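These notes concern the structure reproduced below.
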Amino acid sequence: MANFDKAKWYQISTSGGGLSFVGTPAVLRDNKTTVQPYGAVFLRTSNSTDREQQWQIFSINDTTLVLRTRASGPSNYLGAGIELGDTGDLNGGNTKPLMGNYTLQDNSMFWSIGDWPNGLFWFENAQNGSSWHLSHTGNGYFDMSSNITAPQDEQSFKFKAVADIKDDKWSTIDMPGATATAAPKGSSTMINPTSESSSGSGGLSTGAKAGIGAAIGGVFLVIALVVALLCIRRRRKQKAIPKSTTDAPYAYTPVHETREVQQLDGRSIEPSEMPAGKDAAASPSWAAPQKEAPSGLGHGDMPAELPGNHQR
């Protein structure tokens, strides 16, 4: 089988080169094929910039590949459906190529490409087997033909790379729940290409980008944890240090000293008591006006004679 670069868009043309394969988006619903909705596949005048003529040829293994157009999107593939009659009956042997979502497809979406002796190529798919080739009918459409004896100009095609694929969404393929040489039976599976994709994103595959993103996220997480731990440690230190105490204002408590009054003769006189009543309750005893201590002389007594050495 020919080698194709899955990072290239190819134009697939008839032997003369004037007409090329067209794969349209899968939007048709007419109940005329076994796949609904589907996209029509036919021939159109060659135009390398036409998105419906730009095909990705994605090899699964050495013998099997899938095809999809830039216009159909990553989830719609070249397959084959049986054309239905007016009453909905199957027209045996009337199988035609179409574009369809992988969830609606069977093994007919898996193709093999072989070469004729003249350097051109033929198509066959896994559903129909090696006894049937893709053939254009002369009116711009295709069917699957069992007349495969060489030479077959209607079954001869050529390829030309026309552009690079620069979008990662084309770097993987979807698989239907079908059995084929390249696809295990079971639910839909994503197959990642084993070689590097040259899809214009620095040569990094989707997995590598995801790994780099995860690593960057991990670094930011570690930084956030370190900052959080430092904050917690600082708070604990602040709690451990006692707060500085300020001197409380000095509370003055008056000391009530007992005032001792002595008579002239040296005897102590107790402080006089206030008379009972409201005035007594209002003022403490020490606040009362001091009375002169009695002199020991009567009011009528004359003072004793002064000593002789006293000058008058």
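Numbering (UniProt numbering), first residue to last: 1 to 312.
Note that CB positions come from ideal geometry on N, CA and C, so glycine has one too.
Everything numeric in this text was worked out from a predicted model, so none of it was measured.
Counting only the Cα atoms, L98 lies some 17 Å from L19. According to DSSP, P25 shares a beta bridge with no other residue. By the 16-neighbour rule on beta-carbons within 10 angstroms, R233 is exposed. Taking a cut-off of 8 Å for Cβ pairs, the region 97 to 112 and the region 153 to 168 do not touch, as fewer than three such pairs fall below it.
If you ignore the 5 residues before and after F123, its C-beta comes within less than 8 Å of the C-beta of W111, S112, I113, H133, L134, Q155, F157, all in its own chain and listed in chain order. Bridge partners of S13 according to DSSP: S20, K158. For R236, the number of other beta carbons within 10 angstroms of its own is below 16, and it is reported as exposed. The alpha-carbon separation between G140 and A215 amounts to approximately 53 Å.
Judged by DSSP in its simplified three-state form, K6 adopts coil rather than helix or strand. Between A40 and L221, the alpha-carbon positions lie close to 51 Å from each other.
Rounded to the nearest whole angstrom, the C-alpha separation of D143 and N94 is 7 Å. The residues V22, G140, Y141, in chain order, have a CB closer than 6 Å to that of F42 in the same chain once the five nearest residues on each side in sequence are set aside. Between the beta-carbon of T34 and that of Q54 there is about 27 Å, and that puts the pair past the 8 Å contact cut.
In the three-state reduction of the DSSP assignment, R44 falls in the strand class. In the three-state scheme derived from DSSP, where H, G and I count as helix and E and B as strand, Q152 is classed as coil. Here DSSP, grouped into helix, strand and coil, assigns D174 to strand. If you check the CB distance, Y38 and A26 come in under 8 Å.
The beta carbon of A2 sits closer than 7 Å to the beta carbons of I113, D115, F121 from its chain, once the five residues preceding and following it are set aside; these are given in chain order. A distance of 8 Å or more separates the beta carbons of A126 and S146.
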